[in-house]
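Residue numbers 44 to 110, in our numbering, belong to the letters of the sequence shown in order.
Don't be surprised by glycine CBs; every beta carbon is placed ideally from N, CA and C.
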Amino acid sequence: MAKKKKPSMLKITQTRSGIGRQDKHRRTLRALGIKRHQQSVVHEDSPAIRGMISQISFMVDVHEVEG
44 MAKKKKPSML KITQTRSGIG RQDKHRRTLR ALGIKRHQQS VVHEDSPAIR GMISQISFMV
104 DVHEVEG
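As structure tokens, then:
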């Protein structure tokens, strides 16, 4: 039987301020669970999370971490 692979995890850190940004971008940060500048959150890698990251890629740094 095949072993189940652990899902990869992404560490997302806000690097640029949300002040003066479009409301859509600020809502995306909140949807990811980021409330403050320089805050980091960890999420499972999924197409939905990747889509959110692509919308605000200029405001965040993304790194893969061990799950």
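Contact under 8 Å by Cβ, residue i with residue j
i     : j      : result
Leu53 : Glu109 : no
Ser60 : His80  : yes
Nonlocal neighbours in the same chain, by C-beta distance under 6 Å from residue i, ignoring five residues either side
i      : result
Asp104 : Thr56 and Thr58
Same chain, Cβ closer than 8 Å to residue i, five either side skipped, listed in chain order
i     : result
Val98 : According to the sequence shown, residue 98 is Gln rather than Val. Only Lys67, His68 and Thr71 meet the Cβ criterion.
Gly63 : none
Cβ distance (whole Å) where residue i is taken to contact residue j below 8 Å
i     : j     : result
Val84 : Ile77 : 6 Å
Beta-ladder partner(s) of residue i, from DSSP
i      : result
Glu107 : Leu53
Residues near residue i in its chain [Cβ-Cβ closer than 7 Å; skip 5 each side]
i      : result
Ile96  : Ile55, Val103 and Val105
Phe101 : Arg59
Segments assigned alpha helix (DSSP H), at least 4 residues, entirely inside the segment 51 to 80: Fully enclosed alpha helix (DSSP H) runs of 4 or longer: 66 to 74.
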